[in-house]
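Trainee:
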Amino acid sequence: RQLNIMDEFREGKVKLVIATSIGEEGVDIPQCLLVIRFDPIPNFKSWIQSRGRARNHRSEFLVFVSWQYL
Numbered sequence: 579r580q581l582n583i584m585d586e587f588r589e590g591k592v593k594l595v596i597a598t599s600i601g602e603e604g605v606d607i608p609q610c611l612l613v614i615r616f617d618p619i620p621n622f623k624s625w626i627q628s629r630g631r632a633r634n635h636r637s638e639f640l641v642f643v644s645w646q647y648l
């Protein structure tokens, strides 16, 4: 089921995918325009992997964290 959803996302049939940190690695979707994280990024490697999900030249990468983490 997960592979089918990712295929549909790549094809543009699905416009939104919500994932846990499992989506950081091994996901290659060049047309992705937006990645939003709702948790602190634990290290630079994780930041690079998360940001790399939105590789389109018009893409955005947003991180929302609670003040308790700052």
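Going by the numbering used here, the first residue of the sequence shown is number 579, and it counts up by one from there.
We treat Cβ as the ideally placed atom computed from N, Cα and C, and that holds for glycine.
Values in this document were obtained by computation on a predicted structure and should not be read as measured data.
(1) Could you tell me the alpha carbon to alpha carbon distance between residue 625 and residue 638, rounded to whole angstroms?
(2) Considering just the uninterrupted stretch of the alpha helix (DSSP H) at residue 639, what are its terminal residues?
(3) Once the 5 residues before and after residue 636 are set aside, which same chain residues still bring their CB inside 7 Å of it?
(4) From 646, 597, 588, pick the residue whose C-alpha is nearest to that of residue 618; which is it?
(5) Could you tell me the alpha carbon to alpha carbon distance between residue 640 and residue 620, rounded to whole angstroms?
Mentor: By the coordinates alone:
(1) 13 Å
(2) First-last for residue 639: 638-641, but that is the beta strand (DSSP E), not the alpha helix (DSSP H).
(3) 611
(4) 646
(5) Counting only the Cα atoms, residue 620 lies some 15 Å from residue 640.
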